[in-house]
Amino acid sequence: MITGIVLAAGTASRYGATKQLAVLDGRPLVQHAIDALAAASVDEIVVVLGHDAARVHDALALPAGARTVVAERYASGQAASLAAGLGACDAASEAAVVLLADQPDITAEHVRRLVAAFRDEPAPILRLRFDDGPGPALLARSVWDEAMALEGDTGARALMTPDRVREVRVDGPAPRDVDLPGDLADA
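Residue numbers (this note's numbering): 2 to 188.
Following this line, the structure appears as structure tokens:
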């Protein structure tokens, strides 16, 4: 069983508003990550909410097998959101593909590439590697306890040492983050 986790709990302080709700192509920004996971047919989807959780929840179109969880300590950084997402996964889940709510260019094909690489040759962490930088990652259950113990705004990057990470090459540029209102127009 593979879980898809969308981290959508942040305050978006640089954006100046609840960017998870910013509309891109007729959908809230966070919906793009949810839709990519659904189209990739992961077994379950967990959307981690925090800042403005009720408004974000109400804006979502959750597919079958998807649910939300609130990261109570979301203000302490991305690590709290990651821990909440991993903690909400089904006990049978072998791995989790972790997507950020502010990367609308991640596609179902990107998710499928991570899952296929894990199925072909499991590793503690698989990470997409685009021509100009890294992308989303898949975390095997073997690293979840360590990931759930992280603190602050580091997310899973702190776990990504060369001995644990296998990169999955993807041709083309890395998906852009939407950090500022102008980034949304460029996405």
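Beta carbons are placed, not taken as given, at the ideal position from N, Cα and C, and that holds for glycine.
Could you pull the start and end residues of the alpha helix (DSSP H) that residue i belongs to?
i    : result
R120 : A109 to D121
R56  : A54 to A60
Buried or exposed: which applies to residue i, given that a residue is buried once 16 or more other Cβ atoms fall within 10 Å of its Cβ?
i    : result
V43  : buried
A1   : The requested residue 1 is not part of the displayed model; the chain covers only 2 to 188.
R114 : buried
V24  : exposed
D103 : buried
A97  : buried
Give the range of the beta strand (DSSP E) segment to which residue i is assigned.
i    : result
A141 : G134 to A141
E168 : V166 to R170
A9   : I3 to A9
Using CA coordinates, which residue listed in the options is at the minimum distance from residue i?
i    : options                  : result
P64  : E45, P163, P123 and V70  : E45
G173 : R165, L160 and I107      : I107
A118 : A141, S94, G153 and D132 : A141
G51  : R165, E73 and I126       : E73
A76  : G5, T12 and I6           : T12
A54  : A39, I6, R130 and V70    : V70
P176 : L129, K20 and L160       : L129
Taking only beta-carbon atoms, is residue i less than 8 Å away from chain D?
i    : result
G156 : Looking for chain D here will not work: only one protein chain is present.
Give me the Cβ distance between residue i and residue j, rounded to the nearest whole Å; I'm assuming they're in contact under 8 Å.
i    : j   : result
V47  : A89 : 5 Å
L151 : L87 : Not really, about 10 Å apart at Cβ, beyond 8 Å.
* At what residue ranges does the stretch 28-89 contain a whole run of the beta strand (DSSP E), taking only runs of 3 or more? -> 45-50 and 67-71
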